[in-house]
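J.: One structure follows; several queries about it will come next.
Chains as they are written, first to last, in the UniProt record's numbering: chain A, 1 to 152; chain B, 1 to 152.
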């Protein structure tokens, strides 16, 4: 299945809100979602965004049974560890169930990896953390370095 | 005991490195500290710092037995929750053992709270998170709102 990965735009936030809720429902915690597309629009864009987001889109002919063409997203931001320094934290990685198995999740994560600064100096490479690997099972290499190893 | 709280400057980073290591030793994990004052100087200042830091200083006459006058620090930064939105994450809060019991930790945390944006609209107030409350036992109120409640 063809799909594209691109930086989210403000007009994607209603779709992102929808998928955040789908993920929360999957986790049996829909009541925990306190924000809407309005906060996402306010906080994710401009010169100092609070988060970065990429979205996955499929062509119109592959739209979901509910008519959606935006079918996955990843949200990440920088944090800091006083032990390890610069850290990229991946908050959410989600692909709609009917679109799984097409490599969309891996492509989203690979696109994040390409956005992470890297250099010859090992200390310039940020550490990577996440909580959300419950559905991700692969090994991601970038620039000869193992960035993410998930074997279980 | 008199003390002052102020925003860390690059020249404070050797003291911050020393105290990060003291905290890691306290946690029995000194081998985990992979960064030094050089990374702290590079990452904490300029237009888009990776972290924010406040330091506590005592007058020369109250210097530590090792001659230090910078005796505590707090490091925090913004993260983002797809459930709760803007979040302030407090990475470290530390006061040297010989200076505890003087209200320095509470003053550091209060100074962080004053730096956090707040408004009439509840949704503009960021959520607050940390892992490091093992030695903090108090309730912090700000603008009539309970910001931190630690009872155990």
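Glycine included, C-beta positions come from ideal geometry on N, C-alpha and C.
Span of the beta strand (DSSP E) holding residue 31 of chain A?
T.: No beta strand (DSSP E) holds residue 31 of chain A; DSSP gives it neither H nor E.
J.: Compile a chain-ordered list of the residues in the stretch 58 to 91 of chain A whose CB is closer than 8 Å to at least one CB of chain B.
T.: So the list reads 75, 77, 78, 79, 80, 81, 82, 83, 84, 85, 86, 89 and 91, given in the order they occur along the chain.
J.: Does DSSP put residue 8 of chain A in a helix, a strand or coil?
T.: Residue state, collapsed to three classes: coil.
J.: Count the other CB atoms, across all protein chains shown, that sit within 10 Å of the CB of residue 19 of chain A; report buried if there are 16 or more and exposed otherwise.
T.: Buried.
J.: Quick test of the definition: if touching needs 3 or more C-beta pairs under 8 Å, does the stretch 7 to 27 of chain A touch the stretch 50 to 69 of chain B?
T.: Cβ pair count under 8 Å is below three, so no.
J.: Quick one, are the C-beta atoms of residue 78 of chain B and residue 53 of chain B less than 8 Å apart?
T.: No, Cβ-Cβ distance for residue 78 of chain B and residue 53 of chain B is not below 8 Å.
J.: Using 10 angstroms around the beta-carbon of residue 100 of chain A, count the other beta-carbons present and answer buried if the total reaches 16, otherwise exposed.
T.: Under this definition residue 100 of chain A is an exposed residue.
J.: Measure the alpha-carbon distance for residue 136 of chain B versus residue 106 of chain A and round it to whole angstroms.
T.: With a pLDDT of 46 at residue 136 of chain B, under the threshold of 50, the modelled position of this residue cannot be trusted; read the value that follows with caution. Going by the C-alpha atoms only, they are around 41 Å apart.
J.: Does the beta-carbon distance from residue 23 of chain B to residue 94 of chain B come in below 8 Å?
T.: Yes.
J.: When the Cα atoms are used, what is the spatial distance from residue 27 of chain B to residue 17 of chain A?
T.: One C-alpha to the other measures close to 39 Å.
J.: Is there a C-beta anywhere in chain A that falls below 8 Å from the one on residue 39 of chain B?
T.: It does; some Cβ of chain A falls within 8 Å.
J.: Nearest by alpha-carbon distance to residue 41 of chain A: which of B/64, B/76 and B/82 is it?
T.: The option with the nearest alpha carbon to residue 41 of chain A is B/82.
J.: Please name the residue, chosen from A/65, A/97, A/49 and A/69, that lies closest to residue 75 of chain A on a Cα-to-Cα basis.
T.: Comparing Cα positions, the closest option is A/49.
J.: Tell me which residue opens and which closes the alpha helix (DSSP H) that residue 37 of chain A is part of.
T.: Per DSSP, residue 37 of chain A belongs to the alpha helix (DSSP H) from 37 to 43.
J.: What number of angstroms, rounded off, separates the C-alpha of residue 89 of chain B from the C-alpha of residue 116 of chain B?
T.: Cα to Cα, the separation comes out at about 11 Å.
J.: Compute the Euclidean distance between the alpha carbons of residue 104 of chain B and residue 65 of chain B, then round it to the nearest angstrom.
T.: Straight-line Cα distance between these residues: approximately 18 Å.
J.: How would you call residue 92 of chain A, buried or exposed, if buried means at least 16 neighbouring beta carbons within 10 angstroms?
T.: Looking at its Cβ environment, which holds 16 or more other Cβ atoms inside 10 Å, residue 92 of chain A is buried.
J.: For residue 26 of chain B and chain A, any beta-carbon pair shorter than 8 Å?
T.: It does not: the Cβ of residue 26 of chain B has no partner Cβ on chain A nearer than 8 Å.
J.: Any beta carbon from chain A within less than 8 Å of residue 158 of chain B's own beta carbon?
T.: Outside the displayed range of chain B (1 to 152) lies residue 158 of chain B, so it cannot be described from this structure.
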